[in-house]
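In what follows, a structure is listed as structure tokens, so that the remarks can point back to it.
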Amino acid sequence: MDLRQSHPSMAAYDTDAYYTKLANQLLDDFKRLRLDLGEQTSSIMWLSAVLLANYMEDIVADSGQWRSFSALCQQMFGQAVPLYHDADAEYYPDEPCFEAVRFIVWHAATEKNDSWWNADDESLRRMATVAFERLDSVFEQSPINDELTDDINDMLQQASEDFQKMRVALIWTFTDCYLTRSVAGENLIEKRMKEAEDMSERMPAESMRMFYAIMHSIFAYKIGPLALKPKEYVAALMRTKSMLHEAQEIMDIEVLPMGYYRFSIEDNGQWLQLLSTNGKKIRVARDEMTVDDEELHKLDGCCAIFVKYLSNWHMNGIMIPIENMANHWDEFVKEDPNYKPEGTQDVTGKMLLKRCGGKEIHYFENREVMKDYLMKNIGYRSEQLDFLNRKGLTGKHPLFFIDKNAQKFAMHFSFGYTPCIADPTNPYYDATIAQDEAITMFWNDQSISTEAILYLLDHNYLPDIYEEPLFCSESSPEEKQSDARFLLRYMRKENY
Numbered sequence: 004m005d006l007r008q009s010h011p012s013m014a015a016y017d018t019d020a021y022y023t024k025l026a027n028q029l030l031d032d033f034k035r036l037r038l039d040l041g042e043q044t045s046s047i048m049w050l051s052a053v054l055l056a057n058y059m060e061d062i063v064a065d066s067g068q069w070r071s072f073s074a075l076c077q078q079m080f081g082q083a084v085p086l087y088h089d090a091d092a093e094y095y096p097d098e099p100c101f102e103a104v105r106f107i108v109w110h111a112a113t114e115k116n117d118s119w120w121n122a123d124d125e126s127l128r129r130m131a132t133v134a135f136e137r138l139d140s141v142f143e144q145s146p147i148n149d150e151l152t153d154d155i156n157d158m159l160q161q162a163s164e165d166f167q168k169m170r171v172a173l174i175w176t177f178t179d180c181y182l183t184r185s186v187a188g189e190n191l192i193e194k195r196m197k198e199a200e201d202m203s204e205r206m207p208a209e210s211m212r213m214f215y216a217i218m219h220s221i222f223a224y225k226i227g228p229l230a231l232k233p234k235e236y237v238a239a240l241m242r243t244k245s246m247l248h249e250a251q252e253i254m255d256i257e258v259l260p261m262g263y264y265r266f267s268i269e270d271n272g273q274w275l276q277l278l279s280t281n282g283k284k285i286r287v288a289r290d291e292m293t294v295d296d297e298e299l300h301k302l303d304g305c306c307a308i309f310v311k312y313l314s315n316w317h318m319n320g321i322m323i324p325i326e327n328m329a330n331h332w333d334e335f336v337k338e339d340p341n342y343k344p345e346g347t348q349d350v351t352g353k354m355l356l357k358r359c360g361g362k363e364i365h366y367f368e369n370r371e372v373m374k375d376y377l378m379k380n381i382g383y384r385s386e387q388l389d390f391l392n393r394k395g396l397t398g399k400h401p402l403f404f405i406d407k408n409a410q411k412f413a414m415h416f417s418f419g420y421t422p423c424i425a426d427p428t429n430p431y432y433d434a435t436i437a438q439d440e441a442i443t444m445f446w447n448d449q450s451i452s453t454e455a456i457l458y459l460l461d462h463n464y465l466p467d468i469y470e471e472p473l474f475c476s477e478s479s480p481e482e483k484q485s486d487a488r489f490l491l492r493y494m495r496k497e498n499y
């Protein structure tokens with residue numbers, strides 16, 4: 004069952020006995036090393052064995068999972084495998100690769116541990132060495148699981164034709180595929196389940212709450228080692244099958260998050276015209292609404308998620324019906340997250356840059372100096388900056404960053420990390436502090452934004468991170484720079 008989790012629909016195959024035996028052989032290999040990986044030693048070895056057996060089954064059949072993952076890594080980072088690189092070695096995505104095995108072992112260890120494992124950790128290297136030796140020695144004799152490849156191909160083909168089947172592919176990517184499922188993903192679904200408990204009147208059954216949680220999650224969150232939406236992994240898998248048009252259809256999916264709508268019934272009850280509180284109009288087939296005709300004609304509104312796929316809008320998850328929405332429409336509109344009172348406008352990055360002399364990042368002695376700057380240059384009143392006094396926004400030398408491409412929410416603040424930034428214009432840079440603390444910026448998404456870190460990486464203002472043991476010591480400076488972008492995604496996951 005551990006092995007089958009990664010199969011579409013958890014299917015049983017004729018080759019299961021072989022790859023289960025291989026997983027147990029790998030586990031025995033690891034145990035013979037007598038390593039101490041801390042409290043999670045057993046679970047790290049177990050997960051490594053399972054994932055490596057999945058990997059072997061995948062590449063022997065060339066089912067496309069590792070091939071598509073590797074292609075994404077090449078496209079995003081310029082490297083076929085994250086963290087581990089050997090420029091002199093021949094790399095083929097459908098054959099065992101030592102660097103790939105090292106990455107999978109590192110990933111398994113990180114999944115099972117609260118702390119980050121160093122890329123050069125000797126125990127993980129020894130595990131990867133014995134695992135690669137076994138996989139490489141049996142590669143030519145390993146049975147080809149054509150059923151796995153056929154099932155993945157069928158899943159993708161059906162996904163390209165039907166909204167419901169497309170969601171099946173996204174669910175498999177989110178919860179089961181050996182390369183993209185994660186504890187973080189499970190926690191996101193659990194989080195949504197708990198939120199659904201507040202709507203128990205509308206979703207009395209646990210199965211209904213689970214359905215809501217999964218349907219929301221597969222479209223809302225970034226998952227897996229690359230912090231991508233499930234649709235991006237599915238599209239990459241399609242591209243390995245030369246399904247280029249179908250992959251673009253998946254990438255073109257448009258999602259309207261849970262929101263309020265007024266609707267009218269048209270065309271003899273066959274279609275509904277919906278108006279969102281943010282002003283967007285969509286046309287939805289009557290069959291998408293999960294109420295009978297009698298109840299539907301009593302309603303004029305609903306709360307729901309809608310997804311556009313293959314040129315049609317579909318209701319996703321559950322619908323909360325609403326009566327007499329027209330009488331309260333103005334109130335719903337004002338509660339919309341995108342509502343702007345008359346006479347107001349979004350503060351764009353372009354607008355901020357103009358007011359701040361074209362400079363994207365600014366460093367200050369303290370909060371009061373920063374507040375004075377914002378009041379003078381951007382025109383904020385003192386009371387509008389009261390949020391800067393919130394508990395948690397502490398630390399010397401705050402910084403203010405402008406995301407120049409943002410159409411709204413372009414202002415980013417950070418407290419405590421200014422000494423880690425080796426910007427020639429930053430008078431507060433301290434190499435000693437940077438060597439100890441700079442890498443913590445990568446997972447501390449509450450203290451510094453992803454957009455700010457990407458700016459700092461683009462300008463090479465975080466040179467101290469490259470001496471961290473999180474990076475493989477054998478990597479070149481250029482490889483470490485690409486791995487920094489991978490680690491930023493890996494550490495921040497859905498918050499990237």
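Numbering of the sequence shown is given in this note's numbering, commencing with residue 4 and proceeding in unit increments.
Ideal placement from N, C-alpha and C gives every residue a C-beta, glycine not left out.
Which residues DSSP lists as bridging residue i, in chain order
{"i": "glycine 262", "result": "Ala307"}
{"i": "arginine 286", "result": "Gln276"}
{"i": "proline 324", "result": "Cys305"}
{"i": "serine 267", "result": "Gln276"}
{"i": "phenylalanine 390", "result": "Its beta-bridge partners do not exist; DSSP assigns none."}
{"i": "glutamate 257", "result": "Lys311"}
{"i": "isoleucine 2", "result": "Past the edges of the chain, shown from 4 to 499, lies residue 2, and the structure says nothing about it."}
Residue environment, residue i, which counts as buried when at least 16 other CB atoms sit within 10 Å
{"i": "tyrosine 432", "result": "buried"}
{"i": "histidine 10", "result": "buried"}
{"i": "asparagine 148", "result": "buried"}
{"i": "valine 237", "result": "buried"}
{"i": "glycine 361", "result": "exposed"}
{"i": "leucine 247", "result": "exposed"}
{"i": "alanine 15", "result": "exposed"}
{"i": "histidine 331", "result": "exposed"}
{"i": "proline 207", "result": "exposed"}
{"i": "glycine 272", "result": "exposed"}
{"i": "threonine 435", "result": "exposed"}
{"i": "glycine 346", "result": "exposed"}
{"i": "alanine 20", "result": "exposed"}
Which of helix, strand or coil DSSP assigns to residue i
{"i": "serine 163", "result": "coil"}
{"i": "glutamate 204", "result": "coil"}
{"i": "serine 417", "result": "strand"}
{"i": "tryptophan 119", "result": "coil"}
{"i": "leucine 86", "result": "coil"}
{"i": "leucine 402", "result": "strand"}
{"i": "methionine 318", "result": "strand"}
{"i": "isoleucine 364", "result": "strand"}
{"i": "isoleucine 468", "result": "helix"}
{"i": "leucine 40", "result": "coil"}
{"i": "phenylalanine 335", "result": "helix"}
{"i": "glutamate 102", "result": "helix"}
{"i": "glycine 382", "result": "coil"}
{"i": "isoleucine 451", "result": "coil"}
{"i": "aspartate 426", "result": "coil"}
{"i": "leucine 356", "result": "helix"}
{"i": "histidine 110", "result": "helix"}
{"i": "lysine 411", "result": "coil"}
Given residue i as reference, the closest of the options once Cα atoms are compared
{"i": "tryptophan 274", "options": "Tyr383, Lys34, Asp290 and Gln167", "result": "Asp290"}
{"i": "aspartate 270", "options": "Thr280, Arg286 and Met261", "result": "Arg286"}
{"i": "aspartate 467", "options": "Glu477, Asn369 and Ala425", "result": "Ala425"}
{"i": "leucine 40", "options": "Asp61, Leu490 and Asp124", "result": "Asp124"}
{"i": "glycine 382", "options": "Glu363, Val350 and Phe404", "result": "Val350"}
{"i": "proline 344", "options": "Gly352, Asp154 and Glu334", "result": "Glu334"}
{"i": "leucine 159", "options": "Glu297, Ala441, Arg358 and Ser66", "result": "Ser66"}
{"i": "phenylalanine 177", "options": "Asp165, Glu252, Ile226 and Arg195", "result": "Ile226"}
{"i": "asparagine 463", "options": "Lys197, Ser450, Pro472 and Pro480", "result": "Pro480"}
{"i": "methionine 261", "options": "Glu249, Ala199 and Glu298", "result": "Ala199"}
{"i": "tryptophan 109", "options": "Leu86, Gly361 and Lys362", "result": "Leu86"}
{"i": "histidine 2", "options": "Arg495, Gln484 and Tyr499", "result": "Since the first residue shown for the chain is 4 and the last is 499, residue 2 is missing from the structure and cannot be characterised."}
{"i": "asparagine 281", "options": "Val336, Ala307, Tyr236 and Leu313", "result": "Val336"}
{"i": "asparagine 315", "options": "Val258, Asn116 and Trp119", "result": "Val258"}
{"i": "leucine 36", "options": "Ser126, Ala441, Gln78 and Leu173", "result": "Ser126"}
{"i": "asparagine 190", "options": "Ile253, Asn156, Glu114 and His415", "result": "Glu114"}
{"i": "serine 163", "options": "Met202, Tyr215 and Glu252", "result": "Glu252"}
{"i": "arginine 370", "options": "Lys399, Asp339 and Asp117", "result": "Lys399"}
{"i": "tyrosine 366", "options": "Lys357, Met354, Gln387 and Pro401", "result": "Pro401"}
{"i": "glutamate 298", "options": "Lys283, Met322 and Val310", "result": "Met322"}
{"i": "glutamate 193", "options": "Asp154, Met213, Phe445 and Ala103", "result": "Met213"}
{"i": "asparagine 116", "options": "Thr44, Ala131, Ala83 and Asp153", "result": "Thr44"}
Near the ligand HEM: residue i beta-carbon under 6 Å from a heavy atom
{"i": "threonine 351", "result": "With respect to the ligand HEM, the structure shown offers nothing to examine, as it has no ligands at all."}
Which runs of the beta strand (DSSP E), 3 residues or longer, sit entirely within the stretch 143-196? none
Please give the ranges of any alpha helix (DSSP H) in the stretch 8-76, keeping only runs that are unbroken, at least 4 residues long and fully inside the region. 19-35 and 44-64
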